[in-house]
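One structure is given below, encoded as structure tokens.
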Amino acid sequence: MAKKKKPTIELSDKKISFTRDGMTYKLIRFYQKDMTLDVMVYEEDEKKGLQRFAFAQLPKELKRELHPN
22 MAKKKKPTIE LSDKKISFTR DGMTYKLIRF YQKDMTLDVM VYEEDEKKGL QRFAFAQLPK
82 ELKRELHPN
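Going by my numbering, the letters in the sequence shown line up with residues 22 to 90, in that order.
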């Protein structure tokens, strides 16, 4: 029997973040089915809001850490 994947993985407790173009992105949730992530966007320590990112837009180091397969 094949192992069932969780529909989402909660990442907020792992405190994973990355910086791009002067903005800091903290990973909140990973949706395995859609290969997307919810991220909280910060600019100079000020919250700018929640965005949905494609898994392909993450830096390689984070992709290896999450390894969705």
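A virtual CB, placed ideally from N, CA and C, is assigned to each residue, including glycine.
| Check | Outcome |
| --- | --- |
| Whole-Å CB distance - M44 paired with E31, under 8 angstroms assumed | At roughly 22 angstroms, the Cβ-Cβ gap does not stay under 8 angstroms, so M44 and E31 are not in contact. |
| Whole beta strand (DSSP E) elements within the region 23-63, 3-residue minimum | 29-31, 38-41, 44-52 |
| Expected contact under 8 angstroms - CB spacing of E39 and L58 to nearest Å | Note on identity: in this sequence residue 39 is Phe, with Glu being the wrong assignment. Not quite, the Cβ-Cβ distance comes to about 11 angstroms (not below 8 angstroms), so this is no contact. |
| Straight-line gap, F76 to D34 (C-alpha atoms, nearest Å) | 19 angstroms |
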